[in-house]
Structure formats: structure tokens, C-alpha cells
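A.B. asks:
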Amino acid sequence: MMTLAHTKYIVLAALIFCLTPIFSQAEGLIADQKFKADNEIFVTFSGAVDRAVAENIANYTVFEEPDPDIQLELESATLSEDSTRVSLRFKEPLNTAMTHVVSIRGLAGIDKTTFTVSKSYLGYLFGILISALLINNFVFTKYLGLCVFFGTSKKKETAKGMGVVFTLVMVVSALMSWFFYNFILIPYDLNFLQIVVFIGLVSLTVQAVDTVLRKVNPILFNSFGVFLVLVIANCVIIAVPLILANNNYNVFETFMLALGAGGGFLLALYLMSSVSERMQLAKIPPTFKGLPIAFIVAGQFAMAFLGFSGLQIF
Amino acid sequence: MANDKSSMQLITRGILSENPIFKLALSMCPAVGISTTVMNGIMLGIAVLFVQVFSSVTISLFKNLIHPRIRIPTYTLTIATWVTVIDLVLAAYMPEAYAKMGIFVKLIVAFAIITMRLEMFACKESVNDSFWDGLGMGLGFMVGMVVIGFVRELLGSGMILGYDVLGFKPLLFFILPSAGFFVVGLMMAFFNWIEVYYKRSKGLK
Chain A
11 MMTLAHTKYI VLAALIFCLT PIFSQAEGLI ADQKFKADNE IFVTFSGAVD RAVAENIANY
71 TVFEEPDPDI QLELESATLS EDSTRVSLRF KEPLNTAMTH VVSIRGLAGI DKTTFTVSKS
131 YLGYLFGILI SALLINNFVF TKYLGLCVFF GTSKKKETAK GMGVVFTLVM VVSALMSWFF
191 YNFILIPYDL NFLQIVVFIG LVSLTVQAVD TVLRKVNPIL FNSFGVFLVL VIANCVIIAV
251 PLILANNNYN VFETFMLALG AGGGFLLALY LMSSVSERMQ LAKIPPTFKG LPIAFIVAGQ
311 FAMAFLGFSG LQIF
Chain B
172 MANDKSSMQL ITRGILSENP IFKLALSMCP AVGISTTVMN GIMLGIAVLF VQVFSSVTIS
232 LFKNLIHPRI RIPTYTLTIA TWVTVIDLVL AAYMPEAYAK MGIFVKLIVA FAIITMRLEM
292 FACKESVNDS FWDGLGMGLG FMVGMVVIGF VRELLGSGMI LGYDVLGFKP LLFFILPSAG
352 FFVVGLMMAF FNWIEVYYKR SKGLK
């Protein structure tokens, strides 16, 4: 099993190699740049700079990378004692999940110095995962996949099976959709075929997983096979490809989003099924039996999940 | 297989006795997600009505050519085609309303109600009946969306279709996203209660 162990390290090394260019982006004059408080960007210069230039907020333009038209308003720019570090304070809190582009005019005689500020890439990827899992949970905050959600959340066992199968299909089909979107739909200008292509890919994935699982692991197929049909009727599975196409996600972001969406669905199903099992013993008014009470419980979960909004780990 | 219902009966069945939202409990996602205003309900209702009617008619036209083993993929692709049509039309002619509905127009493709009608009705019945059945189901969905939107918009912001009716805002809670679950749940309970009450008044158990 030596070869297998080595493969793991090679893959890991390749992954790190792919990610390194993103970490080393400091340019000549700028030594370091980072977000500090949620309304502050902290820039370190490689040498002392002109105080008059660096402290004049009219010299700075800052915007989020996707929309250059919306310039963020600065409140103050404070230079440190040794004139090498400047702290930019903004009037409104920044959305630190976004890459910010900062340009300074007239610094060290150069007409315009431009650099980007972003959080570490792994942190950003992890942010996407957490966001899809908790903050924008597909069931409780985006209201997707409800038919299957209410159908399969009666027992814990079913919930777990459905969640795992769903996550698996989700990741595979999202990666395939990403590939098709970037290498076929965009180059040939077939963007309007999005819906047809994505739903076709999802059906194909489900069929493929069905066939492979049946041959490779019949025992697993017997316990999970029934959920595969349900996966296709779930709108989350088509929502994820549409979201990644809308946001132009790269392959790592796509993977994280799909994992978060699947995990979030699993989490929602498990929570709901735990409550459902307890509810079978409770005395519920006859008019509320069945779906109505399930909706009320889901509403309470949705309110609880509102508490995650604004959560930031990195 | 002949269908013994008239076109009128097919429509009322879709709206009342087999209402997609309240009775069949299918396509719940938009009913919870974007039912904050009556206008949203009408817009998405029109989109669903369009997709449902045209998919039903298409499948009914070609029902003898579709091999039973590939019928589900055929349904999916038919629906996807019509969803693409309505998606592009709405994006071009009603960009504001389209932006409000967001991803839900594209998600019509995964609505269980449409596939279900194709499987249960359109693949067996004549083109004419399929048209009326599709119309009834689409209208039923629209009515459901509008009713939920009516309750949420009136109670949440005191307005109907953007016009200020009450002059004050009774309960902001109803505009909040999570209230969708409560409104749908309470309305389902309400309809159940009417049914129970009605049966009891007739002397039935």
C-alpha cells in the first residue's frame, strides 16, 4: 500500500502548488495588505512614504472587485509613526468575503499604485462552505428542496440515507456542470441552453450512480437506492449549477458550494427528523396533523437559522 | 383511455379539489420562498401556467412516439425547453419582476407538479383535455401563490399589489422569509379545519 500513501502526498503537493500563486501577490512598493477590523484595511509599505500623500483620503479609490462603479467611502487614512504603515478606515463595514481593489495616486512619484486585498484563499473557500451550510442553508434560508425535505424527514435513518446520497450526487453533478459550463457552454456561446444541459447532466449523474452502485456495492444500493429517484425531483440539485454559473465560480469554489449545499441538506433533514420522531408521541390538534405541523416546525428552524446571518469565521 | 370530465371540471379540479399547493403539497419551494407579495405570485403563476400548458400539450401530441422506458427523461427535457423559453422572455420583457423572482423561474424545471401531471394525465389523454388539465393545474398554482401572497403582503406591509390599503403595518414578521413556513402551515391547518367542520355540520364523521 506504499503507492497509495505516496499518491496522497503527491495530490496534496500538487494542490498546494496550485494555490501558492494566490498567496504571493505583494507588489514592489506594497509589502503587506490585510483586513483588520470589519471597516478597516491595513497596508504595510516596503519603505517610508510621503505623509501628505498617504494621509489624504482623496488619493485613494477602493472598490469591490466585481463592481468597480461602486466606490467605497473612506473616513480616514492614518499613517503610523515611522511612515510605513497606513490604516484606512471606512464609513461602512466592508464585505470582507469580497476581494477589494485599492489604488493610491501619487505614491512615491508613481501615478497610480493598484493592489488587491483579500482574505487567505483557503479561508475564503471555507467561508463558501460555511455559508452554504449554515448562513444560506438551502432548506431553511433559501427555501429549496422542500418537497423532498418534508417527504423524507420522518425517520432519522431515512434522513441520513437521503442526505448522504444527496451530497454525493450533488458534488459529482456540480463538478460536471462546472466543466460543461466552462468548456462547452461559454466557448460556444450556448449560455441559453443552461437549464436543458444542467438538468440533463443531473439525470445522467443519478443514472450513473445508480448503475455503478448496483454493481459495486449491492448492499449499499439496497439501503440507499430508493433515494436516488428522489434526488432528481429536488430543486437544490439544479439550483447549485445555476448559482455557480451565475457567480462564475472556479472548480474549488464549486466543490465547496456543492459540499456545503449537500451537507446543509443533510443537516436540515437530520434536525427535522429528530423533531418528527418526538412529535409522533405528542398530542397535536387533529387539524394540524401531518404537513401543517411540519411547516410550523420548519418555520421555527428557519427563524433559528436566521441567527447565523452575519457569521464570519475567517 | 377516455376522459369523462368536461373542460370546466378539469379546471375547477386543478383549482379546488386537487390544488397543487394546498391539497397535493407539491411545489412548496416558491410558495414559501417568494410569496411575500401578490405580484410575485401572479408573475410566477403565469410562468408556471405557461410551462404546464405547453408541456402538457407537447407530451400529449407526441404520446404515441415516446417509448415508455425513456418517458421521464423526455418529460424533463420538454419541461426544460419550455422553461428556457419563458425564462428568456421574462428576462427580456420584464427585467424588474424577473430580478425579484431570482432563481425560481429557472427552478420551475424541477417542480414536481409539472412532471406529475405529464405522467398521470398528458401521456394518456387527448391534446384537448391535456390543455384544460394543464390550464387548471397552472391556475391552481397561481391561485395558491396569490392567496399566500395576499395574506403575507396585507399583514406584513399593509399593502395589496403595492397600494397602501391599511395605512399601517400590522406585523412586519409576515414579510420576513421564515414566516412563509408559518403562513403555509397555518393555511393548510385552516383548510383542514374547514373540511372537518363542514363534514361535522353535515352529520358525517
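Top line first, the protein sequences correspond to chains A and B. For what it's worth, this note's numbering labels the leading residue of the first sequence as 11, then goes sequentially. For what it's worth, this note's numbering labels the leading residue of the second sequence as 172, then goes sequentially. Positions of the beta carbon are idealized from the N, C-alpha and C atoms, including for glycine.
For a contact meaning CB atoms closer than 8 Å, what does asparagine 105 (chain A) contact in chain B?
C.D. replies: Neighbours of asparagine 105 (chain A) on chain B: none; closest Cβ ~19 Å, over 8 Å.
A.B. asks: Taking the beta strand (DSSP E) that tyrosine 70 (chain A) falls in, what are its first and last residues?
C.D. replies: 70-74
A.B. asks: Look up lysine 165 (chain A) in the DSSP assignment and say whether it is helix, strand or coil.
C.D. replies: If DSSP states are grouped into helix, strand and coil, lysine 165 (chain A) belongs with coil.
A.B. asks: Buried or exposed, going by whether 16 or more other CB atoms sit within 10 Å of the CB of tyrosine 369 (chain B)?
C.D. replies: exposed
A.B. asks: What number of angstroms, rounded off, separates the C-alpha of leucine 98 (chain A) from the C-alpha of glutamate 74 (chain A)?
C.D. replies: Rounded to the nearest angstrom, the two C-alpha atoms are 15 Å apart.
A.B. asks: Hey, out of A:Phe231, A:Val261, A:Val212, A:Glu263, whose CA is closest to valine 241 (chain A)'s CA?
C.D. replies: A:Val212
A.B. asks: Tell me the DSSP secondary structure of serine 301 (chain B) in three-state form.
C.D. replies: helix
A.B. asks: Following the continuous alpha helix (DSSP H) through arginine 288 (chain B), name the residue where it begins and the one where it ends.
C.D. replies: 283-288
A.B. asks: The beta strand (DSSP E) spanning glutamate 83 (chain A) covers which residue range?
C.D. replies: Where glutamate 83 (chain A) is concerned, there is no enclosing beta strand (DSSP E), given that its DSSP letter is neither H nor E.
A.B. asks: Do you know offhand how far aspartate 92 (chain A)'s Cα is from lysine 340 (chain B)'s?
C.D. replies: 56 Å
A.B. asks: Per DSSP, which one or two residues make a beta bridge with phenylalanine 45 (chain A)?
C.D. replies: Among the bridge pairs identified by DSSP, phenylalanine 45 (chain A) is matched with A:Ile51.
A.B. asks: Pop quiz: leucine 154 (chain A) and cysteine 200 (chain B) are said to be a contact at Cβ under 8 Å. What is the actual Cβ separation, rounded to whole angstroms?
C.D. replies: 5 Å
A.B. asks: Beta-carbon within less than 6 Å of phenylalanine 52 (chain A)'s beta-carbon, same chain only, minus the 5 sequence neighbours each way: which residues are those?
C.D. replies: Lys44, Lys46, Ser97
A.B. asks: Tell me whether methionine 172 (chain A) is buried or exposed, calling it buried when 16 or more other Cβ atoms sit within 10 Å of its Cβ.
C.D. replies: buried
A.B. asks: Between the alpha carbons of methionine 265 (chain B) and methionine 272 (chain B), how many angstroms are there, rounded?
C.D. replies: 11 Å
A.B. asks: How many angstroms separate the CA atom of glutamate 102 (chain A) from the CA atom of leucine 82 (chain A)?
C.D. replies: 8 Å
A.B. asks: Does asparagine 260 (chain A) pass the burial test, meaning 16 or more other C-beta atoms within 10 Å, or should it be called exposed?
C.D. replies: exposed
A.B. asks: Would tyrosine 134 (chain A) be called buried (16 or more neighbouring beta carbons within 10 Å of its own) or exposed?
C.D. replies: buried
A.B. asks: In terms of residues, what are the limits of the beta strand (DSSP E) holding arginine 95 (chain A)?
C.D. replies: 95-100
A.B. asks: Within 8 Å (strictly less), CB to CB, does valine 314 (chain B) reach chain A?
C.D. replies: Residue-level contact check: valine 314 (chain B) does not touch chain A, since none of the beta carbons of chain A fall below 8 Å from its beta carbon.
A.B. asks: Name, please, each residue of chain B whose Cβ falls closer than 8 Å to the Cβ of alanine 206 (chain A).
C.D. replies: Checking the displayed sequence, the identity of residue 206 (chain A) turns out to be valine instead of alanine. By Cβ distance, chain B contributes Leu248, Ala251, Thr252, Thr255.
A.B. asks: Look at the Cβ atom of isoleucine 257 (chain B), then the Cβ atom of alanine 218 (chain B), and state whether they are nearer than 8 Å.
C.D. replies: Yes, they are a contact pair.
A.B. asks: Taking only three categories from DSSP, how would you classify aspartate 258 (chain B)?
C.D. replies: helix
A.B. asks: Lysine 373 (chain B): buried (16+ other C-beta within 10 angstroms of its C-beta) or exposed?
C.D. replies: exposed
A.B. asks: Tell me, please, whether the CB atom of threonine 297 (chain A) is closer than 8 Å to any CB atom in chain B?
C.D. replies: yes
A.B. asks: Check whether the Cβ of serine 349 (chain B) lies closer than 8 Å to any Cβ atom in chain A.
C.D. replies: yes
A.B. asks: Interface residues of chain A around glycine 204 (chain B) at Cβ under 9 Å?
C.D. replies: Simply Lys152, Tyr153, Leu154, Leu156.
A.B. asks: Is leucine 291 (chain A) close to chain B, meaning its C-beta is less than 8 Å from at least one C-beta of that chain?
C.D. replies: Chain B, which has no Cβ nearer than 8 Å to the Cβ of leucine 291 (chain A), makes this no.
A.B. asks: Starting from proline 244 (chain B), find everything on chain A with Cβ-Cβ shorter than 7 Å and list it in chain order.
C.D. replies: Residues of chain A whose Cβ lies closer than 7 Å to the Cβ of proline 244 (chain B) are, in chain order, Ser213.
A.B. asks: 8 Å is my cut-off, CB to CB: does leucine 267 (chain A) come that close to chain B?
C.D. replies: No - not a single Cβ of chain B is within 8 Å of the one on leucine 267 (chain A).
A.B. asks: Please list, in chain order, the chain A residues whose beta carbon lies closer than 7 Å to that of valine 228 (chain B).
C.D. replies: Ordered by position in chain A, no residue passes the 7 Å Cβ test against valine 228 (chain B), which lies about 19 Å from the chain.
A.B. asks: For isoleucine 331 (chain B), does the three-state DSSP call read helix, strand or coil?
C.D. replies: strand
A.B. asks: Answer yes or no: does any C-beta atom of chain D fall closer than 8 Å to that of isoleucine 209 (chain A)?
C.D. replies: Looking for chain D here will not work: the only protein chains present are A and B.
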